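Only one structure is covered here, and it is reproduced in the block below.
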Amino acid sequence: MNGTPGRDAETSGEGPAPGNRAAGAGLPRPGSPGEGTGAAETVIENVAIAPVVGPEIARGYIHVRDGRIVALGAGQAPVAPGATRVDGAGCLATPGLVNTHHHLYQWASQGVAQDATLFEWLTALYKVWAAMDAEVVKGAATAALGWLALSGCTTTTDHHYIFPKGRGDLFAAEIEAARDVGMRFHPCRGSMDRGASQGGLPPDEVVEGLEEILAATAEAIDAYHDPSPGSMLRVAVAPCSPFSVSAELMTEAAALARAKGVRLHTHLCETVDEEEHCLAQMGCTPVDYMEKLGWLGPDVWVAHAVHLHDRDIGRFAATGTGSAHCPSSNGRLGAGIARVSEMLRAGAVVGLGVDGSASSELTPLAGEMRQALLFQRARYGPAALTARQALEIGTLGGARCLGRQDEIGSLEPGKLADIVLWRVGGFAAAIDDPVCALVFGATPPVARVLVGGRTVVADGELRTVPQDAAGEAGAAAHRRLLGLAAARGVSVAQELRP
Ligand SMILES: [Zn+2]
1 MNGTPGRDAE TSGEGPAPGN RAAGAGLPRP GSPGEGTGAA ETVIENVAIA
51 PVVGPEIARG YIHVRDGRIV ALGAGQAPVA PGATRVDGAG CLATPGLVNT
101 HHHLYQWASQ GVAQDATLFE WLTALYKVWA AMDAEVVKGA ATAALGWLAL
151 SGCTTTTDHH YIFPKGRGDL FAAEIEAARD VGMRFHPCRG SMDRGASQGG
201 LPPDEVVEGL EEILAATAEA IDAYHDPSPG SMLRVAVAPC SPFSVSAELM
251 TEAAALARAK GVRLHTHLCE TVDEEEHCLA QMGCTPVDYM EKLGWLGPDV
301 WVAHAVHLHD RDIGRFAATG TGSAHCPSSN GRLGAGIARV SEMLRAGAVV
351 GLGVDGSASS ELTPLAGEMR QALLFQRARY GPAALTARQA LEIGTLGGAR
401 CLGRQDEIGS LEPGKLADIV LWRVGGFAAA IDDPVCALVF GATPPVARVL
451 VGGRTVVADG ELRTVPQDAA GEAGAAAHRR LLGLAAARGV SVAQELRP
């Protein structure tokens, strides 16, 4: 695609005001959060479109009204009096990216245990995380969600599984942060009930009791889960992993989720250590174990799925069990490379995730498309994953993991207006194929991120919350967490050094 990589101008349908066509004209400025970000009707024009479903468009338009896409096509945009018009010249429009796995609170504990395996890393961090409170979670989540939005993410999950007693409402804190940032949010009420005294990995002080977990999880669903069309918030049930959760909790959690009509999420097959733990303690592989517990199915997606046996890939595909592929985290912890291209060939559902920031520091979701592509090619050869497949798992694949493929994950009339405009002009314009420019190299700058038609990012800056304050909230959460840990006698220096 060609075109001037100008900053996208925005004008009203009445035509440009004199002198108001400059870069970012008419956009709310940082420091005035929320102002003018919720236009009811928007027309994006002169834009290349990779809709993921349907043919790509070299130059066309997307018409958005009341939070949904009403039309898109090639050529001239329709006349829409009163609509906000966004000039997408030099940009590629894609569906908003969907992040299928995260631990937002980990923003507060990045950069530690740098050379550790998963089990070493967890053991170093559990006691620090035990000190967190709602203020830590709010600050960490604000920074992590802002960071995600800046890399083109419009829907994210979060897997929160540590709830220290007497430290405020941690689940409410992250939901408040997601509302502030304007992200479509799928928080997963996590849990652990199998501490070290029961043969689990985590220390007993960070686990909860079974009844307590089930009651709190049901309460979270009743309080926050919104099943309505266009929902900005859906809750999932998410016991942490086979090595930190009892079989009874896994079974009861699945029953609760299915009774409430919500989805199930957990970690699975992340490392060889996990497989050995399952073989030693459960007498079977992790996927065999989950199958016995009723945890394979179209309402389940798991994080990682790195160490799948051949028969596991078939079972994932046959049951519709989804996987959140988190290549940077898997690389950082030396966990291995998931068999994504084989899974896709088998028809399994695969989405992308950044995983918690403590095991994939500052990872932008858009970069995971490239990381996934490179990992697959390094393992299987250059035809293993195309740029378009990488984009598809980052969007529609993620939507399928969350059961929202009818609403998000592609640009089609009737779908929610979760849209990203990437600047693929300038240096990137030397590549004719804008999807290649998006996936193969450094991620192009983000011109605009819309969530339900509302502008969350414009010209590479957050517009819903002040960007600098969001970054500082994350740093303050980090300092607070270390202080709280020190006050509990956790030797931070000892725990946090690699
Ligand atoms: Zn994780």
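All letters in the sequence shown, in the order written, are residues 1 to 498 by the working numbering. We put the CB at the ideal spot given by N, CA and C, even for glycine. What you are looking at is a predicted structure, and each value in this text was computed from that prediction instead of being measured.
Asked: Status (buried if at least 16 other CB within 10 Å, exposed otherwise) for S357; Found: buried
Asked: 8 Å contact criterion, which R400 and G322 should meet: CB distance rounded; Found: 6 Å
Asked: Proximity test, A324 beta-carbon vs ligand 1 heavy atom, cut-off 6 Å; Found: no
Asked: Three-pair Cβ contact test at 8 Å for the region 37-48 versus the region 438-453; Found: yes
Asked: In DSSP terms, what T266 is bridged to; Found: V302
Asked: Three CB pairs or more closer than 8 Å across the region 461-478 and the region 428-442; Found: no
Asked: Ligand 1 heavy atom lying under 6 Å from the CB of A442; Found: no
Asked: Segment contact flag, the region 301-308 with the region 262-270, C-beta cutoff 8 Å, min 3 pairs; Found: yes
Asked: Sequence-distant residues of its chain with Cβ nearer than 7 Å to S32 (five each side left out); Found: Caution applies to S32, whose pLDDT of 31 falls short of 50 and renders its modelled position unreliable; the model cannot decide the point.
Asked: Alpha helix (DSSP H) segment containing I393, residue limits; Found: Looking at the DSSP string, I393 is not in any alpha helix (DSSP H), and its letter there is neither H nor E.
Asked: Cα-Cα separation between T386 and L402, rounded to whole angstroms; Found: 23 Å
Asked: Cα-Cα separation, H186 to G96; Found: 15 Å
Asked: CA nearest to the CA of P51, picked from T271, Y224 and R388; Found: R388
Asked: Buried versus exposed, by CB contacts within 10 Å (16 or more), P498; Found: Residue placement at P498 is poorly supported in this model, since its pLDDT is 48, which falls under 50; the coordinates are not used for a value here.
Asked: The region 125-137 in contact with the region 158-165 per 3-pair CB rule at 8 Å; Found: yes
Asked: Nearest-angstrom Cα separation, counted from A429 out to Y224; Found: 44 Å
Asked: V207 versus I69, R345 and G195, residue with shortest Cα-Cα distance; Found: G195
Asked: Per-residue DSSP class, three states only, for I213; Found: helix
Asked: Terminal residues of the alpha helix (DSSP H) in which F375 lies; Found: L365 to Y380
Asked: Alpha-carbon to alpha-carbon, P327 and A178; Found: 24 Å
Asked: Whether P445 touches V424 by CB criterion (7 Å); Found: no
Asked: Cβ-heavy atom distance, A280 to ligand 1, below 6 Å; Found: no
Asked: Segments assigned alpha helix (DSSP H), at least 4 residues, entirely inside the region 130-160; Found: 134-150
Asked: Selection from H63, E120, S329 and V272 that minimises the alpha carbon distance to V79; Found: H63
Asked: D406: CB within 6 Å of a non-hydrogen atom of ligand 1; Found: no
Asked: Expected contact under 8 Å - CB spacing of I313 and A348 to nearest Å; Found: 6 Å
Asked: For L308, the nearest candidate out of E120, G414, M290 and D299 (CA to CA); Found: M290
Asked: Selection from A247, D115, L333 and D310 that minimises the alpha carbon distance to L293; Found: A247
Asked: heavy atom of ligand 1 below 6 Å from A303 C-beta; Found: yes
Asked: G489 (DSSP reduced to helix, strand or coil); Found: coil
Asked: Neighbourhood of A108 by C-beta distance below 6 Å, restricted to the same chain and skipping five residues each side; Found: V136, A140, A477, H478 and L481
Asked: Q114 burial status per 10 Å Cβ neighbour count (16 or more: buried); Found: exposed
Asked: Residues near E276 by beta carbon distance below 6 Å, same chain, minus five either side; Found: none
Asked: Own chain residues within Cβ distance below 7 Å of I213, not counting five before or after; Found: S191, D193 and L249
Asked: Any non-hydrogen atom of ligand 1 closer than 6 Å to D355 Cβ; Found: yes
Asked: L462 to L145 span [Cα, whole Å]; Found: 10 Å
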